Structures are given as C-alpha cells and as structure tokens.
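What follows is a single structure, written as structure tokens, with notes after it.
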Amino acid sequence: MRNLILTWTFLFILHLSKEDISVQKLSVPEKHFLILMCTDAAYVDWSHGLEGVIASRQGKQVFYLDQSKHQLLADGHLFIKDLQESDAGEYYCNHQLVADITVLKGHNFTVLEGTTVYLPCKTSDKTKQRWAFKRTPQSKKEFISTLYKNSTVKKEREDPALRFTHTVNHLVISDLQLQDSGLYLCNNRAMAFLTVTTGPRMVDTPEDAVSFFLRQSTDKESSL
1 MRNLILTWTF
11 LFILHLSKED
21 ISVQKLSVPE
31 KHFLILMCTD
41 AAYVDWSHGL
51 EGVIASRQGK
61 QVFYLDQSKH
71 QLLADGHLFI
81 KDLQESDAGE
91 YYCNHQLVAD
101 ITVLKGHNFT
111 VLEGTTVYLP
121 CKTSDKTKQR
131 WAFKRTPQSK
141 KEFISTLYKN
151 STVKKEREDP
161 ALRFTHTVNH
171 LVISDLQLQD
181 SGLYLCNNRA
191 MAFLTVTTGP
201 RMVDTPEDAV
211 SFFLRQSTDK
221 ESSL
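The sequence shown begins at 1 in UniProt numbering and counts up by one.
Following this line, the structure appears as structure tokens:
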C-alpha cells in the first residue's frame with residue numbers, strides 16, 4: 001500500500017504543482033481513493049465542510065476523527081480511502097479551501113465544464129492501461145494514451161495542454177471541455193460514459209447509457 005501511495009502521489013504531482021495549489025473541483029468515482037495536497041508537512045489541520053478537523057498533525061502529534069477513512073502522508077497531504085457520497089464537499093487545509101469533491105456513482109457521469117474527473121480502469125491486464133475514446137456510437141475509436149507498469153506513459157494523440165494524465169488506476173482529465181463527452185474505454189473495455197455540461201449537475205446520464213452506446217456501436221459495425 002505504501003508503494004502504491006508513493007507512486008500515485010508522484011503521478012498526481014505531475015499535473016498539479018505543489019507551489020501553486022488552487023481550489024480543485026474534482027469528480028471521483030465511488031469506492032476509489034484520492035490524495036489532496038497541502039504545502040505544510042509539520043503543522044497541518046484538514047477539515048471537511050462543517051465536520052470540523054478530520055486530521056491534524058502538530059509536530060509529532062497526529063489526530064484523526066476517523067483513521068479508517070483518512071491518513072496523513074509525510075508531506076502533509078491527505079489520503080482519503082473508499083470514497084462514499086458522505087465524502088463529497090469542500091476540504092480545507094489550514095483553513096484554506098483546496099478542493100471541492102463530487103463523488104460519482106455508477107458508470108455514467110455528468111460533470112461540469114472546467115472541472116477535473118477521475119475515470120477508473122478496472123481490467124485484468126496488470127502490464128498496461130490503454131485508454132481510448134468514442135464520441136458517438138458511429139465514431140471511430142480514438143486512442144488517448146497508454147500507461148505501462150513501469151509508469152511510462154505513451155501519448156497517442158495530441159494533448160498540448162496536458163489535460164490527460166494518469167494515476168495508478170485512473171485516467172485524469174483536467175479542465176473538462178464539452179468535446180470530452182463520450183465513452184471511455186480502458187484496454188478495450190467500456191469504463192465510463194461522460195457527459196460534460198455548462199450548467200449545474202441536474203441528473204446523471206441514465207444507468208443503461210453505456211450499454212446503449214455499445215449496442216449502437218456493435219450494430220453499426222455489424223452492418224458494414
């Protein structure tokens with residue numbers, strides 16, 4: 001677990017500079033984990049919404065409201081385990097708002113333009129994660145990038161703003177754009193149907209959206 005956290009933190013820092021921490025609007029699937037960054041390692045208070053302090057380090061003294069849920073890393077970052085709907089909301093480090101988290105359920109996600117989303121890869125292939133995208137059922141599959149077991153990443157399409165990055169088991173898309181809407185596949189397996197909107201999140205895409213999308217794709221291919 002320790003090596004997993006260290007690797008995840010290293011990859012996370014690649015797209016979020018420690019010297020320039022702004023409020024992050026993050027959408028993360030239920031039951032996954034997340035690491036939130038803070039600049040102070042020795043003296044740090046983490047709080048969640050109106051719950052008050054959930055984790056604190058004052059020199060060598062460490063306090064947790066629920067240690068089964070939260071863990072303070074050596075650099076002051078907060079590790080949140082097994083995300084649930086109750087974990088959604090605003091997180092503060094030393095009274096500074098650093099993240100606003102939305103916990104996503106199912107496989108069909110509706111998220112706001114400009115936010116960051118984490119898409120999980122759940123496949124049996126432990127050697128690599130090759131991500132692809134289909135805008136519509138009739139669209140040709142576009143390969144995004146491949147993450148190899150040694151943490152090497154191979155980009156397979158242009159990404160000048162570096163909006164598409166990886167953690168150990170997620171594709172992370174930052175600054176979401178309307179054109180990011182569509183089906184995402186990892187190792188040729190459908191992982192999530194993403195709908196990017198410009199207004200408030202109202203309702204999620206219907207739960208059978210991925211199945212419908214794949215059925216339409218299959219029908220199109222079989223007719224060729």
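Even glycine gets a Cβ: it sits at the ideal position worked out from N, Cα and C. Since we're looking at a predicted model, the values are computed, not measured.
Return the chain-ordered list of same chain residues with a C-beta closer than 8 Å to the C-beta of residue i, the five sequence neighbours on each side being excluded.
i, result
"HIS40", "Checking the sequence shown, residue 40 turns out to be Asp, not His. Excluding positions up to five away in sequence, the list reads GLY76, CYS93, ASN94."
"TRP46", "LEU36, CYS38, VAL53, ILE54, ALA55, SER56, HIS70, LEU72, LEU78, TYR91, TYR92, CYS93"
"THR127", "TYR148, LYS149"
"THR116", "GLN24, LYS25, LEU26, SER27, VAL172, ILE173, SER174, ASP175, LEU176"
"GLU85", "GLU30, VAL103, LYS105"
"LEU65", "GLU51, GLY52, VAL53, ILE54, ALA55"
"LYS81", "PHE33, SER68, LYS69, HIS70, GLN71"
"ASP87", "HIS48, LYS69, ILE80, ILE101, VAL103"
Measuring alpha carbon to alpha carbon, tell me which residue in the options is nearest residue i.
i, options, result
"GLN24", "LYS128, LYS31, HIS32, CYS38", "CYS38"
"GLY114", "THR152, TRP46, ARG163, VAL103", "ARG163"
"ALA42", "VAL62, HIS48, LYS31, VAL98", "VAL62"
"HIS48", "ILE101, TYR148, THR110, SER68", "ILE101"
"ARG130", "SER86, MET191, VAL44, THR198", "MET191"
"THR136", "LEU194, GLN96, GLY199, PHE33", "LEU194"
"PHE109", "PHE33, ILE173, GLY89", "ILE173"
"GLY182", "HIS32, GLU85, VAL111, ALA99", "VAL111"
"ASN169", "PRO160, ASP87, GLU158, ASP125", "ASP125"
"LEU83", "ASP66, LEU97, ALA132, HIS32", "HIS32"
"ARG157", "LYS60, PHE133, SER151", "PHE133"
How far does the beta strand (DSSP E) with residue i in it extend, from its first residue to its last?
i, result
"GLU90", "89–93"
"PRO160", "Unbroken run through PRO160: none, as it is neither H nor E."
"ASP45", "43–48"
"ASP100", "96–104"
"CYS121", "First-last for CYS121: undefined, no H or E at that position."
"LYS128", "128–134"
"PRO29", "24–29"
"GLU142", "142–148"
Looking only at its chain, what residues have a beta carbon closer than 7 Å to the beta carbon of residue i, apart from the 5 residues adjacent to it on each side?
i, result
"LYS155", "SER145"
"MET202", "Because the pLDDT at MET202 is just 45, under 50, the model does not fix this residue reliably, and the point stays unresolved."
"VAL196", "VAL111, GLU113, LEU176, GLN177, LEU178, ASP180, SER181"
If you drop the 5 nearest sequence neighbours on each side, which residues of the same chain put their C-beta closer than 6 Å to that of residue i?
i, result
"LEU16", "Unreliable placement is indicated for LEU16, whose pLDDT of 41 sits below 50; the coordinate value is still reported in the next sentence. So no residue of the chain qualifies."
Would you say the region 170–190 touches the region 110–123, given that touching needs at least three Cβ pairs under 8 Å?
The count of Cβ pairs closer than 8 Å, one atom from the region 170–190 and one from the region 110–123, reaches three, so the stretches are in contact.
Check whether the region 128–144 and the region 157–177 are in contact - that is, three or more C-beta pairs closer than 8 Å. yes
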